[in-house]
Structures are given as C-alpha cells and as structure tokens.
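Using this note's numbering, you'd call the opening residue of the sequence shown number -18 and step up by one each time. Presented below is the structure to which this report refers.
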Amino acid sequence: MEVFAHGDVPAAAVFIEQLRNAGRTWSGVTCPLSDGAIVIYNDAHPLTRVRATLMEEYFHIKLGHPPSVLKLHAPQARTHDAAVESEAYGSGAAALVPFAGLRLLIDEDRANGREIADVFEVSPELVVFRAKVTKLYKKLRDN
-18 MEVFAHGDVP
-8 AAAVFIEQLR
2 NAGRTWSGVT
12 CPLSDGAIVI
22 YNDAHPLTRV
32 RATLMEEYFH
42 IKLGHPPSVL
52 KLHAPQARTH
62 DAAVESEAYG
72 SGAAALVPFA
82 GLRLLIDEDR
92 ANGREIADVF
102 EVSPELVVFR
112 AKVTKLYKKL
122 RDN
C-alpha cells in the first residue's frame, strides 16, 4: 500500500483541484490495484483527522470491503454503503483508541476527553465516539 497526500498525487491537476475544492467534505480514498492499493488522504485536514482516515482506509483493505464507485464532476461523488463505512471507521477508531487504555484513563479519573485525545493523538470527538461505543461515556469527565 502506498499513501499520498492529495496534493502529492501524480495525477492531472483538474482532478486534484476537484479534491481540493471539496476539501471539507472528503477525508480519504483507497484505490485498489492488482498488486496492492494507493491511499489518498486529504492534507487539508488536521493530523488527528488524517490519522483516523488512514486507519479507516487500512480497515477497508484489511476487511476486503468492495470499493466505492467514484464519479468525478457529479453531484454525488461516490457510491456509499453506510454499513461498510461504519465497520471500517469503528475498527480504525478501536485501533487508535484501544479499550484497555481508554478504560484505564477514565477509571483512574486522570483525564478528560481532550486530555485522552492528546494521549492517543486523536480528536476529542473520536474519544467520545469510543467512550460511547465501549459504554464508558458516563464515566468520561467533561464529556
């Protein structure tokens, strides 16, 4: 697997500009190849979002998800399967914020959501997501 920031993709400028102009609405994409894959991420996003995106794309590959169909210059840029996206995002979130570490920090009351996010180098929103999924949310300080 090769990983590129969208500004570094060896492609026609018109395609890169479309990705740049849609910068708020997309995070990453995996392009399957016969001998691996190319992952392109949105370098306009903060590093915490990029980390979550790259883990999500990794899990799309690892879990053998069927690729979305991309449509350039169309109102709906790609096909979307909510169950597939949820599985990949949840798996990536679990890899970035493991249950044992999250529980330890919450149970010891050593950190609030932002401090936990800093420990795992993710966004506070991802910590809240993991806390909710793992049923630890009620114990999270300053949630």
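Cβ coordinates follow ideal geometry from the N, Cα and C atoms, glycine included.
Compare the beta carbon distance of residue i and residue j with 8 Å and say whether it is the shorter of the two.
i	j	result
residue 41	residue 60	no
residue -14	residue 16	no
residue 100	residue 86	yes
residue 44	residue 66	no
For residue i, does the three-state DSSP call read helix, strand or coil?
i	result
residue 83	helix
residue -17	strand
residue 20	strand
residue 48	coil
residue 10	strand
Given residue i, which residues of its chain have a CB within under 6 Å of its CB, disregarding the five upstream and five downstream residues?
i	result
residue -16	20
residue 9	22, 34, 38
residue 72	40
CB-CB under 8 Å to residue i, same chain, minus the five flanking residues each way: which ones, in chain order?
i	result
residue 104	27, 29, 30, 33, 98
residue 94	105, 108, 109, 112, 121, 122, 123, 124
residue 84	115, 117
Can you name, in chain order, every residue of its own chain whose Cβ lies under 7 Å from the Cβ of residue i, other than the five neighbours on each side?
i	result
residue 70	37
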